[in-house]
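Written below as structure tokens is the structure these notes are about.
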Amino acid sequence: IAGLSLPLPPKKLIGNMDREFIAERQKGLQNYLNVITTNHILSNCELVKKFLDPNNYSASYTEIALQQVSMFFRSEPKWEVVEPLKDIGWRIRKKYFLMKIKNQPKERLVLSWADLGPDKYLSDKDFQCLIKLLPSCLHPYIYRVTFATANESSALLIRMFNEKGTLKDLIYKAKPKDPFLRKYCNPKKIQGLELQQIKTYGRQILEVLKFLHDKGFPYGHLHASNVMLEGDTCRLLDLENSLLGLPSFYRSYCSQFRKINTLESVDVHCFGHLLYEMTYGRPPDSVPVDSFPPAPSMAVGQYGVWRGLLGPRNVQSYSPSFQSPGKTQRKLLRSTARKSYSYKSNLSDFLKCISLKIQRALAVLESTLSCEACKNGMPTVSRLLQMPLFSDVLLTTSEKPQFKIPTKLKEALRIAKECIEKRLIEEQKQIHQHRRLTRAQSHHGSEEERKKRKILARKKSKRSAVENSEEHSAKYSNSNNSGNWLEVVVGPRSQRLGPGVKGSWVFLGSVVPSAENKRTLSPGQDCHSIQRLTGLKC
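Residue numbers for the sequence shown follow the UniProt record's numbering, so the first one is 1 and each next one is one higher.
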């Protein structure tokens, strides 16, 4: 269903118990699993989760959702199910149904049911009150909730069905009702949005994030599938996810970087992912992103300007790196360029303007997805709004935001937000410790490190052998030299060593550095007692 070609190792009918074949197939299967688990969409698939962790994913959430929805319809008879929308989302514990109102049969709505997640820290009473408060949230960039209810184990919300779909559907040219894997896992065509669309949509999304942050409402679930499109307006979806305690779509990325430790910084990092997807038409291959190439859609725009002003024959000599866009884009860009710039003398200024806008877009990406940003921390939403890419965007909406949260519920949200952030920090610590341990094990297990340890062991054994031989020769020479000094340990301080000799150290033989308060005797003094105890001559 995903349309991906996976490296599944071949089977063997004869000789499949050979040791070499089994070892080779084990390596192939491990590589197969690595490819699946490193793919962000495939790794969240229900079949993959059940295969890797059958104990925790044994329940049938489709049946549970149907039971909960059936109980809901008993108390709300005006709603009616048209059809289940199978696998249109990526969450295992969230199901969707196409709905209608009995007295308005032509109007289509979407019911979403979701189970509680690991970050649900609200009390049942506060949780149900906040869920029922969502339909009262009015904002030009938040998708309206028609109905919302909850119990102690799940929540159920109804919204209007949008035929055009989400921002991700626009980027991938997908149909909203198709399964998530089919729509986004292996798109046939990769193309980002136009620069003006990126600026407008980005500004609208940042405005609604700032609104939620100012209200103290935790979000943390921004991605392209949670942004509904209505004309040229973006509207945010799934505000209930943070109340339910569900994990973010980009949780695996945020948990890698210890500076992304608040829900505000999580939102900004997720915005970086969304901006990258709008710009390049696909998610980043890995995070942090080392380099940001010019976006294809931006390059197409530059090509259209060149072609419109210089003509098709001369464009390659001026810009050989640009690839030819489609006929419709060529016609549109050529006409736009000719209307805006009638003379070739304006070409240089126009291209400088285009280049500046591209640099502004890349600057926002670098501030949210680069290695430096992930190590040092994310900028605030207010800082992003002040950046040149979004600061000159004019918003034409006249709708006033309204979302009144009682003081008691605000305090409950604040405590829940702190608990969510605390769990994220603990998870980041565990991952950091595991990485350190893995690096240490791989370092000590490397071939170079083993060679170093062998060389050090040989040097140490040689050094100890030389020291032992020197010590043995010194003892032998001292026994034959009666005129030198010798240190002898004879016991505790209270012991008497012959008449008039106190202390635990005496002389006779070769001179050796002694302990504190050592008692030394000159030759001939009490020599008989020393000779009697040691057997040496004075």
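Positions of the beta carbon are idealized from the N, C-alpha and C atoms, including for glycine.
Exercise. Would you call the region 381-392 and the region 357-367 touching, i.e. three or more CB-CB distances under 8 Å?
Worked result: yes
Exercise. Are Gly89 and Phe180 close, meaning C-beta to C-beta below 7 Å?
Worked result: yes
For this session: For Leu116, I'd like the list of residues in its chain whose CB is within less than 7 Å of its CB, leaving aside the five on either flank, ordered along the chain.
Result: Ser153, Ser154, Leu244 and Gly245
Exercise. For Lys95, is the classification buried or exposed, using 16 other Cβ atoms within 10 angstroms of its Cβ as the cut-off for buried?
Worked result: buried
Exercise. Would Thr397 be called buried (16 or more neighbouring beta carbons within 10 Å of its own) or exposed?
Worked result: Exposed is the call here.
Exercise. Does the region 225-235 come close enough to the region 192-211 that 3 or more CB-CB pairs lie under 8 Å?
Worked result: yes
For this session: Output yes or no for whether 7 Å exceeds the beta carbon distance between Ser248 and His221.
Result: yes
Exercise. Is Phe147 helix, strand or coil when you go by DSSP?
Worked result: strand
Exercise. What are the boundary residues of the alpha helix (DSSP H) that Pro401 is part of?
Worked result: From DSSP, Pro401 is part of no alpha helix (DSSP H); its letter is neither H nor E.
For this session: Determine the DSSP secondary structure at Thr38, reduced to helix, strand or coil.
Result: If DSSP states are grouped into helix, strand and coil, Thr38 belongs with the helices.
For this session: Using a threshold of 7 Å, state whether the C-beta atoms of Val268 and Leu369 are closer than that.
Result: no
Exercise. Looking at the structure shown, is Met278 part of a helix, part of a strand, or coil, going by DSSP?
Worked result: Look at Met278 here: in three-state DSSP terms it is helix.
For this session: Measure the C-alpha to C-alpha separation of Leu29 and Val208 and round it to an integer number of angstroms.
Result: 45 Å
For this session: In the DSSP assignment, find the unbroken alpha helix (DSSP H) run with Thr233 in it and report its ends.
Result: Careful: Thr233 lies outside any alpha helix (DSSP H), inside the beta strand (DSSP E) at Thr233 to Leu236.
For this session: Below 8 Å on the Cβ atoms is my guess for Thr166 versus Leu229; work out the distance and round it to an integer in Å.
Result: 7 Å
For this session: Below 8 Å on the Cβ atoms is my guess for Ile131 versus Ala150; work out the distance and round it to an integer in Å.
Result: Yes, they are in contact, since the Cβ atoms of Ile131 and Ala150 sit about 4 Å apart, within 8 Å.
Exercise. For the beta strand (DSSP E) that Pro105 lies in, which residues bound it at each end?
Worked result: Gln104 to Asp115
For this session: Flag this pair as touching only if the region 400-413 and the region 118-137 have three or more C-beta atom pairs under 8 Å; answer yes or no.
Result: yes
Problem set entry | Residue closest to Tyr121, alpha-carbon to alpha-carbon, out of Leu157, Ser464 and Arg423 | Arg423
For this session: Inspect the beta-carbon positions of Gly192 and Gly281 and report whether they are closer than 7 Å.
Result: yes
For this session: Give the secondary structure of Leu209 by DSSP, where H, G and I count as helix, E and B as strand, and everything else as coil.
Result: helix
Exercise. Within 10 angstroms of its Cβ, does Pro218 collect 16 or more other Cβ (buried), or is it exposed?
Worked result: Label assigned to Pro218: buried.
For this session: Name the two residues that bound the continuous alpha helix (DSSP H) containing Met17.
Result: Segment: none, Met17 is in no alpha helix (DSSP H) and carries neither H nor E.
Problem set entry | Cα-Cα separation, Gln196 to Glu399 | Take the alpha-carbon of Gln196 and the one of Glu399: they are about 22 Å apart.
Problem set entry | Backbone secondary structure at Met228 - three-state DSSP | If DSSP states are grouped into helix, strand and coil, Met228 belongs with the strands.
Exercise. Within the chosen definition, does the region 101-112 reach the region 67-86 through at least 3 CB pairs nearer than 8 Å?
Worked result: Output reads yes: the region 67-86 touches the region 101-112.
Problem set entry | Whole-angstrom C-beta distance between Phe257 and Leu365, which should lie under 8 Å | That belief does not hold up - the Cβ atoms of Leu365 and Phe257 are roughly 16 Å apart, past 8 Å.
Exercise. Apart from the five residues just before and just after Leu8, which ones in its own chain have a Cβ nearer than 6 Å to its Cβ?
Worked result: Tyr32
Exercise. Which residues in the same chain have their Cβ closer than 7 Å to the Cβ of Thr62, if we skip the five residues on either side of it in sequence?
Worked result: Once the five neighbours on either side are set aside, the close Cβ partners of Thr62 are Lys95.
Exercise. Looking at the structure shown, is Leu536 part of a helix, part of a strand, or coil, going by DSSP?
Worked result: Model confidence at Leu536 stands at a pLDDT of 49, short of 50, so the residue's coordinates are unreliable; what they give is reported in the following sentence. Three-state DSSP puts Leu536 in coil, outside helix and strand.
Problem set entry | Contacting residues, own chain, Cβ-Cβ under 6 Å from Glu264 (five flanking each side not counted) | His213
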